[in-house]
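Undergrad: The structure follows.
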Amino acid sequence: MNKWSTIGAKLIIAFTGSTILLTVVSAVAWLTWNRLDDQVSELLENSVPKYNTSYLLESRSSEIRYRVQLLSRLTNKVELNRQIEELSEQLEGINLALHHQETGALTDKETTTLAERYLVLGETLRQYSALVLQRVEQSRRVNKLEEQIHWLHQDVRSELTPIRQELHWLIKRDESDTERTTALEQLRTIQHLLDVESNVFAMTSEVIQAQQLGQVHNAAKVIQYKMDELLSSSEPIFELPSSIAYQQLIQELSTLLAPEGLFYHQLLDNVALNQRIDVLKANIDQQLDDIHQQIGGVVRLADDSFLNVKAQTASLVSYGNHILIVCFSVSILMSLFLTYYFINRRIVARLTALSSSIDAITKGDLSHPIQVDGADEIGRLSEKLIEYGESVKEIQRTNAISLINNTSASLLTCDLAGYVESANLSARRLLAVQGDVEKKLIWDSFENSSQRALAKVFRRGGALFNQGHDEIVLSVSDQKACYLHFDFHLFSHGQLNKVIVTITDITEQELNTRELEKRVAEKTSDLIEKNQRLSEEIVERERTEQNLKQTQGELIQAAKMAVVGQTMTSMAHELNQPLNAMSTYLYSAKLSAQSGDEKALNQTLEHIEGLAMRMGKIISSLRNFAKKSDGEQQAKEQNLKEIAEQAITIVNPKAKRQMVEIDNKLDDELRVHGNALAIEQVLINLLVNSCDAIAEHNGPLRQIRVESLYSTRSHHAIGVFDSGQGFDSHIVDKLFTPFTTTKEVGLGLGLNISQSLMEKYAGNIVLASGLDKGALVILELPHANS
């Protein structure tokens, strides 16, 4: 055979041609990329340094602009100094960039101009920073004066309150109508003084926010007019012996708010300083805009250079593309020729025909024609396949008999009608058949019941003919237990379909299976009985749990009523004060109605309405708290600050009586998942305990704080701080035990109930100590979205 007629030789020739084309393409690509490398090198040496330097200068200038904007909003001196240092570092970085720039980035003239502008900008920034620092100091002085005015405002109202109570007492006494009228007039004067003083305080708060000098001058005149009105209206009150402190406060306030006083000059200085800062800020913005324009000119020069290089590169790439297109076209045509003629017709088509012949032989069709086309490798495979087909025909003639006779299994072969064609010795012994079994039906060797089952297998349309296999289990003897498993499979023998039957004695396995089924039935009956007893026990446990929940609810209600009982005395005092004030306002309303003064009458009625709303809120909070809950309370999203305010409203009368201040510092947006009544019950228990602890300690600081501590992935933690003496170490581990208390009078159930309520709604309660050595109770509540 000629060596050039083989498939391998033809493939070598084809791949050699492809390699030559690939070499040409690689050479063209190398030349093109070599030229492109020169263009890119030129671009990197000329345009990119300009871009880098421009970007560095522009980014640092933007950072300077941002920090200048930030300086005008800062009020912390430490943060201001840090930002000023950052500005200095930015300017130093710009100077280093200008003096150590890449070769060819900027010309000497551009570098000198930018350096001078940044130098001027640095001087302006130093002046601006000094003024901002000065404004911080000025703001602190103004805030100090504002705080002083605020305290004077509170002291004035505090001094007028006892005077007003004294006049109320004079009105209630059985004096002459003249004295009552005088006292009533003085009472109205005090109310007028409170309104005028509030207006003066509000105007001082507004003028502090003034941005123009004219606003300060005008506000000073209005404040002085109101102060004159306050002084003139206070003269009747000055005659009272108890108004000495009030006179001193009014004089101090008048001195502080005088037109040429300290408050007036501090505001003028503050406004003038803000205007100077605004001028310098505008100057800095203008300088940064000029620098930005100059940097933009440098970028435009770099853009022109970049576009020139781009045009040259496009021309070079276009020339290389034309050459590559020609090479690729030749390569594609060659590939199409090789694919269609050589691979498809001479290799794939012949291999497909050869594959069809192999499939036919594997399926037993030895009559399928095999064509020999060509003298190459595929032709030789076709000749070998013909020889193999002849060998298979010879093997098939002896294969079935050898398989049956040489195996140890019980095997039979039948035709599709059920006539036995062959049986090995094992099958004969199993069926107790001697002699020839050929040409007999397979079911003739068994009893009547088994005959029907075996005959049913060979019916047309059964599983054997539809799926190619079937199996059955038969009891073949009535005298003793004997079970046989029959496995039927179709197989091809030449051009005919036959049935091979595998018979297995499974008597022992079947007996074991039946015994196992019996034991399983016994175990199942036992499990059903135990399951019934377990169901009854579950019902009993559910009934016990329901009783426990009812008992817990009654304990919680008892704890609520205990808190109500503790706060009733304080609550009576808290309600008595608004009632006394309402009595006074009603008497004043009668006088105003008799005199026809509708304005005074409306004001008095508004005061009465506010007192009534206050009393209603207290009573409503107490009623809702004391109400017994019906059934299981569902948990949902709650606003924790609102619940804390509700609890403080109930405990506040007791706290006021014990001179304890309760401060709610929780965030307005703090939301948790739980039951509002349960959380309120816990907070009230803790606040009442804190009030009693502070009253027993009798220290100088009498304060309770409720504030947020921390948050985890699943819980928010809040703390209840008090200024008492804290928890004793010998009893802190027992406080959650029922009937354990440190009070002289108490059940010792508050903390235990609080712990139960927290755990019921996936929360937790922990005892700790505050930094001031007072008691601290930490509540961990789940997030609202948990």
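For the sequence shown, our numbering gives the first residue as 1433, with consecutive numbering after it.
The C-beta atom is built at its ideal place from N, Cα and C for all residues, glycine as well.
The model shown is predicted, which means the values in this text are computed figures rather than measured ones.
Along the chain, where does the alpha helix (DSSP H) containing A1849 start, and where does it finish?
TA: Here residue 1849 refers to the residue found at position 417 when the sequence shown is read from its first residue. Looking at the DSSP string, A1849 is not in any alpha helix (DSSP H), and its letter there is neither H nor E.
Undergrad: Could you tell me which of S1767, K1930 and A1895 sits nearest to T1845, measuring between CA atoms?
TA: Translated into the one-based positions of the sequence shown, residue 1845 becomes position 413. Nearest option by C-alpha distance: K1930.
Undergrad: Which residue comes first and which comes last in the beta strand (DSSP E) that contains T1621?
TA: Here residue 1621 corresponds to residue number 189 of the sequence shown, with the count starting at 1. First-last for T1621: D1609 to V1639, but that is the alpha helix (DSSP H), not the beta strand (DSSP E).
Undergrad: Would you list the one or two residues that DSSP bridges to H2105?
TA: Walking along the sequence shown from the start, residue 2105 turns up at place 673. Its beta-bridge partners are E2069.
Undergrad: Quick check: what's the CA-CA separation for R1612 versus D1627?
TA: Your numbering for residue 1612 matches position 180 in the sequence shown. Your numbering for residue 1627 matches position 195 in the sequence shown. Taking the straight line joining both Cα atoms gives about 23 Å.
Undergrad: For T2216, does the three-state DSSP call read helix, strand or coil?
TA: Here the question's residue 2216 lines up with position 784 in the sequence shown. Strictly speaking, residue 2216 in this sequence is Ala, with Thr absent from that position. A2216 falls in the coil class under three-state DSSP.
Undergrad: From L1733 to V1741, what distance separates their C-alpha atoms?
TA: On the sequence shown, position 301 is the one that residue 1733 refers to. On the sequence shown, position 309 is the one that residue 1741 refers to. Roughly 13 Å separates the two Cα atoms.
Undergrad: Let's test the definition: count the other Cβ atoms within 10 Å of the Cβ of S1458 and tell me whether it reaches 16, buried, or not, exposed.
TA: Position 26 of the sequence shown, counting from 1, holds the residue named residue 1458. Exposed, because fewer than 16 other Cβ atoms sit within 10 Å of the Cβ of S1458.
Undergrad: I'd like the list of long-range same chain contacts for E1591, defined as Cβ closer than 8 Å, with 5 residues on each side in sequence excluded.
TA: As a working note, residue 1591 is residue 159 in the sequence shown. Within the same chain, E1591 has close Cβ partners S1675, A1677, Y1678 and L1681.
Undergrad: What does the Cβ neighbour count give for L2118, buried or exposed, with the cut at 16 atoms within 10 Å?
TA: For this step, residue 2118 is matched to residue 686 along the sequence shown. The residue is buried, with at least 16 neighbouring Cβ atoms inside 10 Å.
Undergrad: Assuming contact is defined by CB atoms lying nearer than 9 Å, are I1903 and D1919 in contact in what I supplied?
TA: Indexing the sequence shown from 1 puts residue 1903 at position 471. Indexing the sequence shown from 1 puts residue 1919 at position 487. Looking at the sequence itself, residue 1903 is Glu, so the reference to Ile does not match. Cβ distance < 9 Å, so E1903 and D1919 count as in contact.
Undergrad: Suppose you measure from the CA of G2202 to the CA of Y2193; what does that come to, to the nearest Å?
TA: In the sequence shown, the residue the question calls residue 2202 occupies position 770. In the sequence shown, the residue the question calls residue 2193 occupies position 761. Whole-angstrom Cα-Cα distance: 26 Å.
Undergrad: Near I1938, what residues of its chain come up, given a Cβ to Cβ distance below 6 Å and the 5 sequence neighbours on each side ignored?
TA: The count along the sequence shown starts at 1 and reaches residue 1938 at position 506. Y1915 and H1917.
Undergrad: DSSP on L2203, reduced to helix/strand/coil?
TA: Mapped onto the sequence shown, residue 2203 falls at position 771. If DSSP states are grouped into helix, strand and coil, L2203 belongs with coil.
Undergrad: Helix, strand or coil for A1913 per DSSP?
TA: Within the sequence shown, residue 1913 is the residue found at index 481, counting from 1. Here A1913 sits in coil by DSSP.
Undergrad: When the Cα atoms are used, what is the spatial distance from K2073 to S2155?
TA: For the purposes of this step, residue 2073 is taken as the residue at position 641 of the sequence shown. For the purposes of this step, residue 2155 is taken as the residue at position 723 of the sequence shown. When rounded, the distance between both Cα atoms is 21 Å.
Undergrad: From E2212 to H2148, what does the alpha carbon distance come to, in whole angstroms?
TA: Taking the first residue of the sequence shown as position 1, residue 2212 is located at position 780. Taking the first residue of the sequence shown as position 1, residue 2148 is located at position 716. If I take the Cα positions, the gap works out to 6 Å.
Undergrad: For T1535, count neighbouring Cβ atoms within 10 angstroms of its own Cβ and tell me buried if that reaches 16, exposed if not.
TA: On the sequence shown, residue 1535 is found 103 positions in, with the first residue counted as 1. For T1535, the predicted model reports a pLDDT of 45, less than 50, meaning its position is unreliable; a value from the coordinates is still stated below. T1535 comes out exposed.
Undergrad: Let's see if you can read the secondary structure: which residues bound the beta strand (DSSP E) around I1904?
TA: Walking along the sequence shown from the start, residue 1904 turns up at place 472. Taken as a continuous stretch (DSSP letters only), the beta strand (DSSP E) holding I1904 covers H1901 to S1907.
Undergrad: Between L2199, D1791 and Q2135, which has its C-alpha nearest I2163's C-alpha?
TA: As a first step, residue 2163 is located in the sequence shown; it is residue number 731 there, counting from the start. I2163 has its Cα closest to that of L2199, out of L2199, D1791 and Q2135.
Undergrad: Between the C-alpha atoms of Q1618 and P1668, what's the straight-line distance to the nearest angstrom?
TA: Residue 1618 sits at position 186 when you count from the first residue of the sequence shown. Residue 1668 sits at position 236 when you count from the first residue of the sequence shown. Answer to the nearest angstrom: the Cα atoms are 7 Å apart.
Undergrad: Quick one: what does DSSP say Y1657 is sitting in, helix, strand or coil?
TA: Here the question's residue 1657 lines up with position 225 in the sequence shown. Note: Y1657 maps to helix in three-state DSSP.
Undergrad: Have a look at L2018 and T2036 and give me their C-alpha separation to the nearest angstrom.
TA: Locating residue 2018 in the sequence shown gives position 586, counting from the first residue. Locating residue 2036 in the sequence shown gives position 604, counting from the first residue. Going from the Cα of L2018 to the Cα of T2036 covers about 8 Å.
Undergrad: Where I1581 and I2197 are concerned, what is the direct C-alpha to C-alpha distance, given to the nearest angstrom?
TA: By one-based count along the sequence shown, residue 1581 stands at place 149. By one-based count along the sequence shown, residue 2197 stands at place 765. Their backbone Cα atoms lie some 43 Å apart in a straight line.
Undergrad: Beta carbon of I1874, beta carbon of V1905: below 9 Å?
TA: As a first step, residue 1874 is located in the sequence shown; it is residue number 442 there, counting from the start. As a first step, residue 1905 is located in the sequence shown; it is residue number 473 there, counting from the start. No, the pair does not count as a contact, with Cβ atoms beyond the cut-off.
Undergrad: In this structure, how does DSSP classify L1551 when only helix, strand and coil are distinguished?
TA: As a first step, residue 1551 is located in the sequence shown; it is residue number 119 there, counting from the start. L1551 falls in the helix class under three-state DSSP.
Undergrad: Helix or strand or just coil, what does DSSP make of S2161?
TA: For the purposes of this step, residue 2161 is taken as residue 729 along the sequence shown, with counting starting at 1. Coil, per DSSP.
Undergrad: Taking S2186 as the reference, which of K2205, V2209 and G1893 has the closest Cα?
TA: Position 754 of the sequence shown holds residue 2186. Residue V2209 is the option with its Cα nearest to S2186.
Undergrad: Kindly list the residues whose CB is nearer than 6 Å to the CB of T1451, restricted to its own chain and excluding five residues on each side of it in sequence; keep chain order.
TA: For the purposes of this step, residue 1451 is taken as residue 19 along the sequence shown, with counting starting at 1. Same-chain partners within the cutoff: there are none.
Undergrad: Could you tell me which residues DSSP puts in a beta bridge with N2096?
TA: Residue numbering aside, residue 2096 sits at position 664 when the sequence shown is read from its first letter. DSSP output for N2096 lists V2138 as bridge partner(s).
Undergrad: Measure the beta-carbon distance from A2216 to R2103 and round it to whole angstroms, keeping in mind my assumption that it falls under 8 Å.
TA: Here residue 2216 refers to the residue found at position 784 when the sequence shown is read from its first residue. Here residue 2103 refers to the residue found at position 671 when the sequence shown is read from its first residue. About 4 Å; that satisfies the 8 Å criterion.
Undergrad: Out of E1661, I2094, Q1899 and I1935, which one is the CA nearest neighbour of N1856?
TA: What you label residue 1856 is simply residue 424 of the sequence shown in a count that begins at 1. Cα-wise, what sits closest to N1856 is I1935.
Undergrad: For N2071, I'd like the list of residues in its chain whose CB is within less than 7 Å of its CB, leaving aside the five on either flank, ordered along the chain.
TA: Residue numbering aside, residue 2071 sits at position 639 when the sequence shown is read from its first letter. For N2071, where only same-chain residues beyond five positions count, the Cβ hits under 7 Å are R2103.
Undergrad: Around the Cβ of M2045, are there at least 16 other Cβ atoms within 10 angstroms (buried) or fewer (exposed)?
TA: Translated into positions along the sequence shown, residue 2045 becomes position 613. So M2045 ends up on the exposed side.
Undergrad: Would a C-beta distance cut-off of 9 Å place V2138 and M2190 closer than the cut-off?
TA: Start at 1 with the first residue of the sequence shown, and residue 2138 comes out as number 706. Start at 1 with the first residue of the sequence shown, and residue 2190 comes out as number 758. No, they are not a contact pair.
Undergrad: Under 7 Å Cβ to Cβ from K1493, same chain only, skipping five residues before and after it: list those, please.
TA: For the purposes of this step, residue 1493 is taken as residue 61 along the sequence shown, with counting starting at 1. First, the amino acid is wrong: residue 1493 is Ser here, not Lys. Result list for S1493: L1720, I1723 and H1724, in chain order.
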